[in-house]
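Input: a single structure, listed below in structure tokens.
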Amino acid sequence: MYGKSEDREDYQDTPRAVAAMARDLPDRHYIPTHSHRRGQLVYGTGGTITVTTPEGTWVVPPQRAVWVPPRVPHAMRTSGHVPMRTLYIDTRAHPSLPVSCTVMTVSPLLRELVSAAARIPVDYDESGRDGKLMSLLIHELVPADVIPLHLPVPKSDVLERLCARIIDEPGLNWTLGEWAAWAHLSERTLARRFQDEFGCSFARWRQQARLLAAVQMLGEGKTIATVAGTLGYESPSAFTAMFRKALGKPPTQYFEES
Numbered sequence: 001m002y003g004k005s006e007d008r009e010d011y012q013d014t015p016r017a018v019a020a021m022a023r024d025l026p027d028r029h030y031i032p033t034h035s036h037r038r039g040q041l042v043y044g045t046g047g048t049i050t051v052t053t054p055e056g057t058w059v060v061p062p063q064r065a066v067w068v069p070p071r072v073p074h075a076m077r078t079s080g081h082v083p084m085r086t087l088y089i090d091t092r093a094h095p096s097l098p099v100s101c102t103v104m105t106v107s108p109l110l111r112e113l114v115s116a117a118a119r120i121p122v123d124y125d126e127s128g129r130d131g132k133l134m135s136l137l138i139h140e141l142v143p144a145d146v147i148p149l150h151l152p153v154p155k156s157d158v159l160e161r162l163c164a165r166i167i168d169e170p171g172l173n174w175t176l177g178e179w180a181a182w183a184h185l186s187e188r189t190l191a192r193r194f195q196d197e198f199g200c201s202f203a204r205w206r207q208q209a210r211l212l213a214a215v216q217m218l219g220e221g222k223t224i225a226t227v228a229g230t231l232g233y234e235s236p237s238a239f240t241a242m243f244r245k246a247l248g249k250p251p252t253q254y255f256e257e258s
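Read in UniProt numbering, the sequence shown has 4 at position 4, and its numbers run on one by one without any break.
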């Protein structure tokens, strides 16, 4: 449809500072860990994209995007069908862009700009309409003043194993004491390790893990009742209350355009 390459390598050494690629990805599509010479704005107009880096995991619904700086290793997985519209940007030409992974809000204007950019030739006229569109697009890339769907990665082996199980089984309603016993730690030691590594409590980290799992499942089209049951909530209403408190909207409205 867009008549442009779907090979990311074709966008790394282009003659312009900004290059946009369109690629439609199926549900549960996995892109192994890789990096780019350019920075990348990871964005999909539907479904969700999970981006994993050495620093953590981000879940990207259609109202948000994640900025991945140059040469940062990252992997991606889709939940639901994802029409991906991604930008590759030469940060030498745009040094004001963030130097670490950052969540960005995708306004209706930015959504349309990214979609239009995907149709623009790689070697566009910088002084013409296409060049002005790309300049406006860069101007619209600002960090989001929202709670990011980000889950930090543990550094220690003990927490890595425990956190991996929470991610794999988000509906497991064990207490802190039960998790501590499973990890062969005291409850106090486990609580301190979470605070030291993540700057938050065990309960806060686990809730964030459940939020990410919830957004992924909702992006796949699962019902609220199914998501609530999978995550161990007593009822869909209890899950909806948690979701609204954490993200400002009930799940029924979360994937609507802002």
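No residue lacks a Cβ here, since even glycine has one placed at the ideal position from N, Cα and C.
- In this structure Leu87 does not touch Gln12 by the C-beta definition: roughly 12 angstroms separates them, more than the 8 angstroms allowed.
- Between the alpha carbons of Asp7 and Ser135 lies a distance of about 24 angstroms.
- With distances taken between CA atoms, Glu160 lies nearest to Arg193 out of Ile138, Arg193 and Glu256.
- Per DSSP, reduced to three states, the secondary structure at Trp179 is helical.
- The UniProt domain "HTH araC/xylS-type" (160–257) contains, as complete alpha helix (DSSP H) runs of 4+ residues, the segments 176–182, 187–198, 202–219, 224–230, 236–247 and 251–254 (chain order).
- Taking 8 angstroms as the upper bound for CB-CB distance, Leu133 and Ala117 are in contact here, some 7 angstroms apart.
- Judged by beta-carbon spacing, Ala65 lies beyond the 7 angstroms limit of Ala17, meaning their Cβ atoms are not closer than that value.
- About 7 angstroms separates the beta carbons of Pro69 and Ser100, which is inside the 8 angstroms limit, making them a contact pair.
- The closest CA to that of Ala209, considering only Thr53, Asp168, Arg23 and Gly131, is found on Asp168.
- In the DSSP assignment, the residues bridged to Met21 are Thr86.
- Contact between Gly47 and Val82 holds, with the beta-carbon distance rounding to 4 angstroms and staying under 8 angstroms.
- Contact check for Glu197 against Gly80 fails: the beta carbons are separated by 7 angstroms or more.
- Exclusion of the five residues before and after Gly131 leaves Tyr124 and Asp125 as the residues of its chain whose Cβ lies within less than 7 angstroms of its Cβ.
- Residue environment: Thr50 is assigned as buried (16 or more neighbouring CB atoms within 10 Å of its CB, all protein chains considered).
- Going by DSSP, Leu151 is part of the beta strand (DSSP E) stretching over His150 to Pro152.
- In chain order, Pro236 and Phe239 place their CB closer than 6 angstroms to the CB of Ala228, counting only its own chain and leaving out the 5 sequence neighbours on each side.
- Less than 7 angstroms separates the beta-carbon of Arg206 from that of Ile166.
- Counting only residues of its own chain and dropping the five nearest sequence neighbours on each side, His29 has a CB closer than 6 angstroms to the CB of Thr78.
- For Leu212 against Pro251, the beta-carbon gap comes to about 13 angstroms, at or over 8 angstroms, which does not count as contact.
- Under the DSSP assignment, Ile120 falls outside any alpha helix (DSSP H); it carries neither an H nor an E label.
- Boundaries for Arg129: no beta strand (DSSP E) harbours it, while the alpha helix (DSSP H) harbouring it runs Arg129 to His139, taken from the DSSP string.
- Note on Pro108: under 16 other CB atoms within 10 angstroms of its CB, so exposed under the neighbour-count rule.
- Taking a C-beta distance under 7 angstroms as the contact criterion, Gly128 and Met84 do not qualify as a contact pair.
- Looking at the DSSP output, Pro143 shares a beta bridge with Met104.
- In this chain, the beta strand (DSSP E) harbouring Ala65 covers Arg64 to Val68.
- Residue pairing by DSSP leaves Gln12 without any beta bridge partner.
- In the three-state DSSP reduction, Leu97 falls in the coil class, being neither helix nor strand.
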